[in-house]
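Novice: Questions regarding the structure given below will be posed in turn.
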Amino acid sequence: MRTVCVVGVGMSQWGEVWRRSLRQLFVDAASKAIKGAGVDHLDSLYVGCMSSGLFVGQEHLGSVMADYLGMRGLPAMRVESACASGGMAIRAAFMEVGSGMSDIVMASGVEKMTDCDGDQATYALATAADQEYEVFHGATFPGLYAMMAHAHMAKYGTTREMLSQVAVKNHDNGALNPVSQYPFKITKEAVETGVMIADPLHILDCSPITDGAAAVIMTTEEIAKKLGKPYVRILGSGAATDSIALYQRPDMTTIKAATLASERALKMAGRKITDIQFAEVHDCFTIAELAILESIGVYERGKAGPATLAGETARDGKFPVNTSGGLKSKGHPVGATGVAQMIEVYKQLTGQAEGERQVKGSPKIAMTQNMGGSGGSSVVHIVEVA
Amino acid sequence: MKMFSSRAWRENPQRYRMEAAKFKKSGKTYFPPRDIDPETGDTENEIVTLPETGKVLTYTVIRVAPGQWSDQSPYALAVVEMDDGTRVFGQMTDCNVDEIKIGMEVRAEFRRLQTEGHSGVLSYAHKFVPKWY
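As you go down the protein sequences, you meet chains Z and P in turn. Start counting the first sequence at 2; every next residue gets the next number (the numbering used here). Start counting the second sequence at 861; every next residue gets the next number (the numbering used here).
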């Protein structure tokens, strides 16, 4: 397989972006990525999107996006794996470039979530859970992660304060990210006195509803070198699935799909988890960040909470997690999230993270972990600076 | 989105009678029934009716619910391990939601659940109540 590189990245505005539509958000991000990479054409396009059909009534995104990018004729298709759609789009582009089928491929992700009311958005998001045996009984996404939290607290003694610290830490990072939807710091008190959504998760334990898009240009190392721009290599890609319903997992405190995806990505990269210097992980809820860090083996079971309280996962800690602000502060336009994780590690590894957000010591290798539903799917990439 | 009533009707055996699939090789039971054992790939199974009692493995209380459920909130949801070891997901009812605990013993009862989507189909299924209620 050929080495696959990321050579240009772009993001639209993230937040409640009332002036831009689904296709416009995509074009904003895609145009920046093309310009950043300095490429004069694409060979193909993948669009990660969870539910444009339910959010805005538009399917068939390959055609829509190639058309509005001014590239009619381009092979293009949508990739869907719920909240892991963006990461899976990167994986699809990785396979296409790596296999030698194409040389320059765009992986992108987009979601337009504020063109409908909160009920409709909640309904659309809930389709990533088991419709017939979870949602039918009244399950919501915060509810499913809340059940994971209660199980984790009972088994490992994880505390309310540990969950709060995840949100506080990610907002500390997101406050420094110019694309963040919520670029401000919060306190533990604010988390713990916020509206209760699903016990024990308060509103600030949850990632928001966001409009946004992200795009990256993926190509061979030969072309990346010729383009003369900073680039990173994707050393490994791993993906996995698990039961669609949380209740059917033997251990509800761990995310097996993340474990498998991470093992596979590391194996392909020929690296160990201890080689990884920082990571972007799928903190859709505070408990998710802790469960993921334990599932991918950064921490032993039950140890991610205490480590977070001790500051180990902060920007200046020994294993920085979600330096972008994560889904929590930066926002979570579902299909775009996995691609934005890649953009953050690209920026950090090439020394382009804005100001104070840049991780010190010129890190060389990072991981992105993107996840669908309550852990029904996950995709992991290992990325190294060139 | 209008759903046809066949979507609800075909689930009746599991929703009305808690029927599950017990696989021959592993002896494991899955609810709802499925055709293939996810662990062994075995397809030989028989339909069994689950025991009515079990215990709470984890739970939550939904305080902010989407439209079709908002008039029922706060309501509790639980993952229950039935006495034969099978996992079932469902609502808890006839109890103080603030007194639910992991390990609590519960019994499944047949209750009205919701008016599904915009179709107006009345949905019935199990809800869990405290065992000695």
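Idealized CB from N, CA, C, for every residue including glycine.
Can you tell me whether Z:K355 is buried or exposed? The criterion is at least 16 other CB atoms within 10 Å of its CB, across all chains shown.
Specialist: Going by the sequence as given, residue 355 of chain Z is Glu instead of Lys. With fewer than 16 other Cβ atoms within 10 Å, it is exposed.
Novice: Could you name the residues that DSSP lists as bridge partners for P:L937?
Specialist: P:T920, P:Q951
Novice: I need the straight-line Cα distance from Z:G327 to Z:R92, nearest angstrom please.
Specialist: 20 Å
Novice: By DSSP, does P:E899 sit in helix, in strand, or in coil?
Specialist: coil
Novice: By the three-class DSSP mapping on this structure, what secondary structure does P:D958 have?
Specialist: helix
Novice: List, in chain order, every chain P residue whose beta-carbon is nearer than 8 Å to that of Z:V196.
Specialist: R923, V924
Novice: Could you round the C-beta distance between Z:L236 and Z:E385 to whole angstroms and report it? I think they count as a contact, below 8 Å.
Specialist: 5 Å
Novice: Would DSSP call Z:D212 helix, strand or coil?
Specialist: strand
Novice: Checking contacts by CB at 8 Å: is Z:A83 closer than that to chain P?
Specialist: Look at Z:A83: its C-beta is not under 8 Å from any C-beta on chain P.
Novice: Taking the alpha carbon of P:V916 as the point to measure from, which residue in P:L982, P:V939, P:T900 has its own alpha carbon closest?
Specialist: P:V939
Novice: Anyone know if the C-beta pair for Z:S379 and Z:A241 falls short of 8 Å?
Specialist: yes
Novice: Under the assumption that Z:M149 contacts Z:G306 (Cβ atoms under 8 Å), give the Cβ distance between them as a whole number of angstroms.
Specialist: Actually they are not in contact, since the Cβ atoms of Z:M149 and Z:G306 sit about 13 Å apart, beyond 8 Å.
Novice: Using DSSP with H/G/I as helix, E/B as strand and the rest coil, what is Z:E32?
Specialist: Note that residue 32 of chain Z is Ser in the sequence shown here, rather than Glu. Taken through DSSP and simplified to helix, strand or coil, Z:S32 comes out as helix.
Novice: Using a Cβ-Cβ cut-off of less than 9 Å, list which residues of the segment 88-119 of chain Z approach chain P; keep chain order.
Specialist: D118, G119
Novice: Would you identify the three-state DSSP class for Z:I274, choosing helix, strand or coil?
Specialist: helix
Novice: So what does Z:F137 bridge to, in DSSP terms?
Specialist: Paired residues: none, contrary to the question.
Novice: List, in order along the chain, the chain P residues whose C-beta lies closer than 7 Å to that of Z:T242?
Specialist: Result: empty, since nearest Cβ-Cβ is about 11 Å, beyond 7 Å.
Novice: Can you check whether the CB of Z:A199 is closer than 8 Å to the CB of P:T920?
Specialist: yes
Novice: Per DSSP, P:R972 is paired with what?
Specialist: P:Y984
Novice: When DSSP builds the beta bridges, which residues end up paired with Z:I218?
Specialist: Z:G9, Z:M107
Novice: So is Z:A311 buried or exposed if we call it buried at 16+ other beta carbons inside 10 Å?
Specialist: Counting Cβ neighbours within 10 Å, Z:A311 comes out exposed, since fewer than 16 surround it.
Novice: Leaving out the 5 sequence neighbours to the left and right, which residues in its chain are closer than 8 Å to P:D897 when beta-carbon positions are compared?
Specialist: F883, K885, S886, K888, Y890, T903, N905
Novice: Please report how far the alpha carbon of Z:A341 lies from the alpha carbon of Z:G377, in whole angstroms.
Specialist: Z:A341 and Z:G377: Cα-Cα distance of roughly 20 Å.
Novice: Looking at the structure shown, is Z:V386 part of a helix, part of a strand, or coil, going by DSSP?
Specialist: strand
Novice: Quick one, are the C-beta atoms of Z:I366 and Z:R272 less than 8 Å apart?
Specialist: yes
Novice: Should Z:F286 be listed as close to the ligand GDP, given that the test is whether its C-beta is under 7 Å from any heavy atom?
Specialist: In the structure on display, the ligand GDP does not appear, and there are no ligands present to speak of.
Novice: Among Z:S238, Z:I218, Z:I245, which one has its Cα closest to the Cα of Z:Y232?
Specialist: That would be Z:I218, whose Cα lies nearest to the Cα of Z:Y232.
Novice: Please return the same chain residues whose Cβ sits closer than 6 Å to the Cβ of P:T900, not counting the five positions on each side in sequence.
Specialist: K885, S886
Novice: Tell me where the beta strand (DSSP E) around P:T909 begins and ends.
Specialist: 905-909
Novice: Decide if P:L982 is buried, meaning its Cβ has at least 16 other Cβ atoms within 10 Å, or exposed.
Specialist: Result: exposed.
Novice: Report yes or no: do three or more beta-carbon pairs, one from the segment 933-948 of chain P and one from the segment 956-970 of chain P, lie closer than 8 Å?
Specialist: yes
Novice: Helix, strand or coil for Z:I366 per DSSP?
Specialist: strand
Novice: What does Z:M163 touch in chain C if you count any residue whose Cβ is under 9 Å from its own?
Specialist: No chain C appears in this structure, whose protein chains are Z and P.
Novice: Tell me whether the beta-carbon of Z:A337 lies closer than 8 Å to the beta-carbon of Z:G110.
Specialist: yes
Novice: Between Z:Y157 and chain P, is there a C-beta pair that is closer than 8 Å?
Specialist: no
Novice: Would you mind telling me which residues of chain Z sit closer than 9 Å to P:V981, beta carbon to beta carbon, in chain order?
Specialist: Going along chain Z, no residue has its Cβ under 9 Å from P:V981, so there is no contact; the nearest lies around 11 Å.
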